[in-house]
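Structure first, commentary second.
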Amino acid sequence: MGSKREYELKPLFLERMKKLLGKEINSYLEILKKPLQNSIRCNTLKISPEELLSRLRNKGWEIIQPFKNHPEIMIIKTDLAPGEIGRSMEHLLGYYYVQEIASMLPILALKPKPRELVLDLAAAPGSKTSQMAAEMENIGTIIANDVSIGRLKILASNMERCGATNAILTKKEGIALCKRLKQEGFLFDKILVDAPCSGEGTLRSSSATAIMWNPKTIRSLSRLQKGLLTSALEILRPGGEIVYSTCTHAPEENEEVVDFVLNEFKGIVKVEEIKLPIKCRSGLTTWLDNQYSKQIEKSCRIYPQDNDTEGFFLAKIRRIK
Amino acid sequence: MSYLKILNQKEKAEIEYKLHEQFGISSVPGMIVMRGQERLFLFSGNLSEEEINKLEKCTFIERMGVYFAKIVDDSLRLSIEGSQILKEQIDKNIFELDEKQAEEWMKGHELPIKTGSHGFIIMKHEGDFLGTGKASEEKIGNFIPKNRRLKEKQG
Chain A
913 MGSKREYELK PLFLERMKKL LGKEINSYLE ILKKPLQNSI RCNTLKISPE ELLSRLRNKG
973 WEIIQPFKNH PEIMIIKTDL APGEIGRSME HLLGYYYVQE IASMLPILAL KPKPRELVLD
1033 LAAAPGSKTS QMAAEMENIG TIIANDVSIG RLKILASNME RCGATNAILT KKEGIALCKR
1093 LKQEGFLFDK ILVDAPCSGE GTLRSSSATA IMWNPKTIRS LSRLQKGLLT SALEILRPGG
1153 EIVYSTCTHA PEENEEVVDF VLNEFKGIVK VEEIKLPIKC RSGLTTWLDN QYSKQIEKSC
1213 RIYPQDNDTE GFFLAKIRRI K
Chain B
4 MSYLKILNQK EKAEIEYKLH EQFGISSVPG MIVMRGQERL FLFSGNLSEE EINKLEKCTF
64 IERMGVYFAK IVDDSLRLSI EGSQILKEQI DKNIFELDEK QAEEWMKGHE LPIKTGSHGF
124 IIMKHEGDFL GTGKASEEKI GNFIPKNRRL KEKQG
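If you're matching them up, the sequences are chains A and B in order. If you read the first sequence in this note's numbering, its first letter stands for residue 913, the second for the next number, and so on. If you read the second sequence in this note's numbering, its first letter stands for residue 4, the second for the next number, and so on.
The structure is reproduced here in structure tokens:
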């Protein structure tokens, strides 16, 4: 799933990470050199975790299930040839999805249930959408949207392989879609805003992220993310929940975005606690010269060195009226 | 819907009748949505047709549910997912493959097997349902799409 680091981190990026991590910067830099674990998620729409485990072990693969309450999450400990996990019969038949553990967390936080109406605003390539369908047991409806037709085709292919029958795939720019859905009176029980981001958390698997990183992009992404989350909150029913997530550490794309909507929807939304089976750190309440709401401490920062995963950020927001 | 058409009760019943005739399947659990003239999708969501029409006013709907069958002449050919989703109901025209044959099948190869049947048959290996093949005098024709095929072993 990962490759060794073969790139230089930009000085400004390093400086920012030092500000975030202090003395722990060394353990962070160390883990970036280590390839990612091979993690998969059993697709319970097609097979039980016990059955999949038995099949994969019969192939000679050493598998562990790191979380007692989530037997569908598995790590393959055996050294396999590149691409072997994606070429197995079990993968081709849709019995599992190759998915990094950090990327499974937004759905564990959102907890979509059967019969709910759920929106996945930036759905492609479909790891989280198919996980949603599995949690919902294909009952209820997912509207899975993406802005790019190319990415939508990948989403469609993954949803098909997983046998996710309760999803409608749509193509529209996210903010515009929310506006139109609002005009037509749609209100959702749950929404996932897994926002486009600068991807700082994916350095272990994508060297392109380090090469492309720049602070201007972070500012422009932050504006887009605020727009997406604000628009999504407009179509969340009272009592409904949104998970906002990114695969970046930049506070401008995380805490700042959540703080923005807390101000925009004062007294209407609140940040909820998230319980996850891995080590999470509290969201920041200060960054550079900025102060954020104390509620944001309830959000989760996932650093790669804490759990041997990629980096992530999650916040769960409930609409209280 | 212009691009996708939700089949009405009568049209759905016609599909179910054909599925029953061919494979013993009595009901499809959800809406059947047709894309073009031949591709059938199964949608198990709980939006009403009226709500789906409202959604279509908001945005282009690329797909609903999962592709599960194709109309070929007057018959139906189930996809891998179609055979998996409906497996509990399938009780005729099933062909059991051994492990080696299942591997060849998943590589996309036609199988030189005389089944004694003609037309579409469900391919199965133990608990795995592997889509549909077309049996003729001397062989079983393969329809596994390229992106779902096992790779040939190198060397």
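Note that the Cβ used here is the ideal one computed from N, Cα and C, for glycine as well.
Around A:Glu1167, the same chain offers Gly1195, Leu1196, Tyr1204, Ile1208 as residues with beta carbons nearer than 6 Å, after the five sequence neighbours per side are excluded. According to the DSSP assignment, A:Ser1157 belongs to the beta strand (DSSP E) that extends over 1148-1158.
Here A:Ile1232 is exposed: its Cβ has fewer than 16 other Cβ atoms, across all protein chains shown, within 10 Å.
In terms of CA proximity to A:Asn981, A:Pro961 leads the group A:Pro961, A:Asp991, A:Cys1109, A:Ile975. DSSP places A:Asp1218 in the helix class (H, G or I) of the three-state scheme. The beta carbons of A:Thr1160 and A:Gly1086 sit about 17 Å from each other, so the pair does not count as a contact at 8 Å. Ranked by Cα distance from A:Arg1063, the options A:Pro1108, A:Phe1098, A:Glu1153 are led by A:Pro1108. By the criterion of a C-beta distance shorter than 8 Å, A:Ile1051 is surrounded in its chain by Pro1026, Arg1027, Asn1078, once the five residues flanking it on both sides are discounted. Between the segment 91-104 of chain B and the segment 971-991 of chain A there are fewer than three inter-stretch CB-CB distances shorter than 8 Å, so the stretches are not counted as touching.
By the neighbour-count criterion, in which 16 or more other beta carbons inside 10 Å mark a residue as buried, A:Gly1038 falls on the buried side. Contact between A:Pro1018 and A:Leu1174 does not hold, since their C-beta atoms are separated by about 19 Å, which reaches or exceeds 8 Å.
Cα atoms of A:Ser951 and A:Glu1222: separation of roughly 11 Å, rounded to the nearest angstrom. Less than 8 Å divides the Cβ of A:Pro1216 from the Cβ of A:Ile943.
Residues Glu1146, Ile1147 of the same chain have their beta carbon placed closer than 7 Å to that of A:Lys1094, with the five preceding and five following residues left out of the count.
Of all residues in the segment 121-135 of chain B, only Asp131 place a beta-carbon less than 7 Å from a beta-carbon of chain A. Secondary-structure assignment with DSSP links A:Lys1228 through a beta bridge to A:Val1155, A:Glu1184. For A:Tyr1008, the enclosing beta strand (DSSP E) stretches over residues 1008-1010. Under the Cβ criterion (8 Å, minimum of three pairs), the segment 995-1013 of chain A counts as touching the segment 955-972 of chain A.
Burial is judged here by how many other beta carbons sit within 10 angstroms of a residue's own beta carbon; B:Arg66 has at least 16 and is buried.
In summary, the residues of the segment 28-39 of chain B whose CB is separated from some CB of chain A by less than 9 Å are Pro32, Gly33, in the order they occur in the chain. In the same chain as A:Ile976, and ignoring 5 residues on each side of it, the C-beta atoms closer than 8 Å to its own belong to Met986, Ile987, Lys989, in chain order. Listed along chain A are Glu1072, each with a C-beta nearer than 7 Å to that of B:Tyr70.
A straight line joining the alpha-carbon of B:Lys57 with that of A:Glu1096 spans about 7 Å. In the DSSP annotation of this structure, the continuous segment of the beta strand (DSSP E) that includes A:Lys1083 starts and ends at 1079-1083. Assigned with DSSP and collapsed to three states, A:Arg1027 falls in coil, not helix or strand. B:Asn150 has a beta carbon lying within less than 8 Å of a beta carbon in chain A. Rounded to the nearest angstrom, the gap between the Cα atoms of A:Phe925 and A:Leu1029 is 39 Å. Here the C-alpha atom of B:Ala105 lies approximately 38 Å from the C-alpha atom of B:Leu50. With a beta-carbon spacing of about 20 Å, A:Ile997 and A:Ala1036 fall beyond the 8 Å limit used to define contacts. Burial state of B:Gly85 is buried, judged by a 10 Å Cβ sphere holding 16 or more other Cβ atoms.
Under the three-state reduction of DSSP, B:Met37 is assigned to strand. 8 Å or more divides the Cβ of B:Ile18 from the Cβ of B:Leu45. For B:Phe46, the C-beta contacts it makes with chain A under 8 Å involve Thr1077, Asn1078, Ile1080, in order along the chain.
The alpha carbon of B:Ile147 has as its nearest neighbour, out of B:Thr62, B:Ser47, B:Met34, B:Phe71, the alpha carbon of B:Phe71.
Less than 8 Å separates the beta-carbon of A:Lys1084 from that of B:Thr62. In the DSSP annotation of this structure, the continuous segment of the beta strand (DSSP E) that includes B:Phe71 starts and ends at 69-75.
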